[in-house]
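Numbering (my numbering), first residue to last: 19 to 270.
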């Protein structure tokens with residue numbers, strides 16, 4: 019232990035002693051979609067956090083991967099929320115991770131999501147171009163006046179509505195925490211079963227209605243972009259069937 023007024027210095031080491039605690043249950047049944055050229059792409063299930071944080075440590079994707087592949091290194095390139103399923107990219111060497119991060123920073127790495135939502139939304143295509151910042155604790159909201167507010171843009175397409183649930187196609191152009199979830203709320207509704215932002219909970223749908231269907235990016239410099247897709251969860255297929263074919267990444 020050190021004095022509360024102690025200032026950290028270069029090369030100081032911080033150790034956290036973690037007592038045995040009961041972590042929340044997760045689904046560790048991920049599948050590998052791609053694993054070569056220093057890039058690992060998985061289909062992340064839910065609930066499963068990507069990073070150890072809060073109540074989760076061993077029950078996180080990174081910890082599970084490191085336990086299963088102790089000789090490998092995994093660099094996170096982006097993240098999916100605990101309750102979001104679908105495509106997740108990791109770098110397995112430092113140089114490739116830097117190359118992937120550059121694509122994120124330049125906004126050349128594209129993502130497309132399927133969203134189960136409730137509420138009233140504009141017909142066909144629409145955009146939400148509103149800054150996102152902190153409201154309270156983990157909650158985010160829209161508005162330039164909020165703390166740590168940054169400009170954000172999400173493009174949506176209203177695909178169809180079945181039994182009061184709307185299928186949206188969402189392409190986040192920027193990448194803020196909870197961006198799609200907050201922008202769906204700003205558009206007049208909420209993501210189904212969203213534990214933070216939705217009053218609408220459905221016992222028919224087991225998880226939050228947000229799935230990263232596909233991502234397009236460069237595996238290597240000079241290559242043509244590749245698109246990797248994750249299979250739809252069964253509850254999306256049961257509800258919307260062939261309508262899901264309309265959710266795909268179009269060429270720019």
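Even glycine gets a Cβ: it sits at the ideal position worked out from N, Cα and C.
Please read all numbers here as calculations on a predicted model, not as lab measurements.
Under a 10 Å Cβ-count criterion, residue 141 is classified as exposed, with fewer than 16 other Cβ atoms of the shown protein chains found around its own Cβ. Less than 8 Å divides the Cβ of residue 231 from the Cβ of residue 130. Nearest in C-alpha terms to residue 57, of all of 82, 109, 248, is 109. By a beta-carbon distance limit of 8 Å, residue 184 does not contact residue 225. Their separation comes to about 17 Å.
Distance from the CA atom of residue 29 to the CA atom of residue 20, rounded to whole angstroms, is 15 Å. The residues 159, 164, in chain order, have a CB closer than 8 Å to that of residue 153 in the same chain once the five nearest residues on each side in sequence are set aside. Under DSSP, residue 216 takes part in no beta bridge, so it has no partner.
For residue 161, the secondary structure class from DSSP, reduced to helix, strand or coil, is coil. Just so you know, the alpha carbons of residue 105 and residue 66 end up roughly 13 Å apart. At a Cβ-Cβ threshold of 8 Å, residue 68 and residue 103 do not count as neighbours.
With a beta-carbon spacing of about 5 Å, residue 63 and residue 47 fall inside the 8 Å limit used to define contacts. Residue 117 and residue 39 have their C-alpha atoms some 38 Å from each other.
Residue 228 has its alpha-carbon roughly 14 Å from the corresponding atom of residue 247.
At the C-beta level, residue 119 and residue 193 stay beyond 8 Å of one another. In this model, residue 33 and residue 70 are separated by some 15 Å (Cα to Cα). Here the C-alpha atom of residue 49 lies approximately 20 Å from the C-alpha atom of residue 115.
The alpha carbon of residue 100 has as its nearest neighbour, out of 201, 242, 262, 196, the alpha carbon of 196. Under a 10 Å Cβ-count criterion, residue 202 is classified as buried, with 16 or more other Cβ atoms of the shown protein chains found around its own Cβ. Straight-line measurement puts the Cα of residue 209 at about 10 Å from the Cα of residue 132. DSSP places residue 235 inside the beta strand (DSSP E), whose first and last residues are 228-235. A distance below 8 Å separates the beta carbons of residue 205 and residue 174. Note on geometry: alpha-carbon atoms of residue 171 and residue 122 lie some 15 Å from one another. For residue 69, no alpha helix (DSSP H) encloses it, and the DSSP letter there is neither H nor E. Each of 82, 54, 113 was checked against the Cα of residue 45, and the nearest Cα belongs to 82. Excluding residues up to 5 positions away in sequence, 219, 220, 223, 225, 226, 227 lie with their Cβ nearer than 7 Å to the Cβ of residue 211 in the same chain. It is roughly 20 Å from the alpha-carbon of residue 161 to the alpha-carbon of residue 189.
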